[in-house]
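First comes the structure, then the notes that go with it.
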Amino acid sequence: NPHSGLANENHLEYFRFVGRLIGTSLFDQQLIAVHLTLPIYKHMLGWPIVLQDLEFVNMSLHRSMRHIVEATDAEELMLDFTTTDDCFGKVKVVPLKRGGDEIDVTNQNRFEYIQLILKHHMFHRVKKQLSELLQGFYEVIPPALVSIFDFQELELLINGLPQIDVEDWRHSTQYQGEYHAQHRVVTWFWEIVTDMKQEMRARLLQFSTGTSRVPVQGFQALQSRDGKLNLFTLKSVPLSSSSNNESKNSSSSIRFPVAHTCFNRIDLPLYESKDQMAKKLTVAV
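By the count of my numbering, the sequence shown reaches residue 302 at its end, each step adding exactly one.
This is the structure in structure tokens:
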């Protein structure tokens, strides 16, 4: 929270302490039950922050950015290079660059606007808090020692491998599009998950929900980013993204599964074989 100082004047010392606590736990090989959002692990490793990471911080803002990307004419959205900061009901307009309130968002500059929004919400507005957290962590664990991991592996190192009950997961799954519990592609999917090792299942859970955490009540209590109950979902999508019939079956045109972590959903193409799905799913995860 960028306004954490209003709650405690020593708030930055608390962030530094949390960083040291995480680092010490990792050094002593003790697991932490509290799961952080994936962008925090990316920050720890110095990985690039991308637009998809914004949904972990502000789901509605992420949706708005996607809408800007897909808009035919960005000028119709009537936006300028500013954003708002809500501090306990008091809204402040913040320019994203000098003179931002006089610069309209157009098709030509919309990607610059999105990058500035991303930098502001993921870095600038929490710069002090994030800096203290990372410095506390690096005081115990130098960056070079964790650089060999990716952010998903780092989460598993800090939080441990979850105990994933595949039957519970399957029982608490809902389906959209052509899929249903007895659909052959759905059957292949669960056979593949059953054959996976625990680490790969954890990565699949991270891929689809944004975290490896399984609720205490099981998958029936899985929540979305806004805290509402949102079961794991498999949605059917066409196998190929190609409009050319001659190239529809080429390996390059066959889609990969796509995750929507804010909805705990995987868009799973209508694969023609179990082996085809296993290869695409493994690469995607």
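C-beta atoms are modelled at their ideal positions from N, C-alpha and C, and glycine is treated no differently.
- Counting only residues of its own chain and dropping the five nearest sequence neighbours on each side, residue 224 has a CB closer than 6 Å to the CB of 276, 302.
- With 16 or more other Cβ atoms inside 10 Å of its own Cβ, residue 231 counts as buried.
- For residue 218, the secondary structure class from DSSP, reduced to helix, strand or coil, is helix.
- By the Cβ criterion, the region 226–244 is not in contact with the region 289–300, since fewer than three pairs of Cβ atoms, one from each stretch, lie closer than 8 Å.
- Rounded to whole angstroms, residue 166 and residue 59 show a C-alpha spacing of 10 Å.
- Between the region 201–216 and the region 168–182, the count of C-beta pairs closer than 8 Å reaches three or more; the two stretches touch.
- For residue 249, the enclosing beta strand (DSSP E) stretches over residues 249–254.
- For residue 136, no pairing in a beta bridge is given by DSSP.
- Contact annotation, residue 300 with residue 272: C-beta distance approximately 12 Å; criterion of less than 8 Å not satisfied.
- Contact check for residue 122 against residue 94 passes: the beta carbons are separated by less than 9 Å.
- Where residue 282 is concerned, the enclosing beta strand (DSSP E) starts and stops at 282–286.
- Boundaries of the alpha helix (DSSP H) around residue 211: 201–212.
- Only residues of its own chain outside the window of five on either side were considered, and among them 97, 98, 99 have a CB closer than 7 Å to the CB of residue 117, listed in chain order.
- Residue 40 places its beta carbon 9 Å or farther from that of residue 149.
- In this structure, the alpha-carbon of residue 26 lies about 11 Å from that of residue 20.
- A direct Cα-Cα distance of roughly 21 Å separates residue 295 from residue 228.
- Distance from the Cα of residue 191 is smallest, within the candidate group 257, 154, 280, for 280.
- With a contact defined as Cβ atoms closer than 8 Å, residue 282 and residue 245 miss out at about 14 Å.
- Scanning its chain for C-beta atoms nearer than 8 Å, with the 5 sequence neighbours on each side dropped, one finds around residue 211 the residues 183, in chain order.
- DSSP places residue 107 in the uninterrupted beta strand (DSSP E) bounded by 107–112.
- Shown here for residue 243: same chain residues with a beta carbon closer than 7 Å to its own, the five before and five after excluded, namely 76 in chain order.
- Rounded to whole angstroms, the gap between the alpha carbons of residue 84 and residue 72 is 13 Å.
- If you check the CB distance, residue 248 and residue 158 do not come in under 9 Å.
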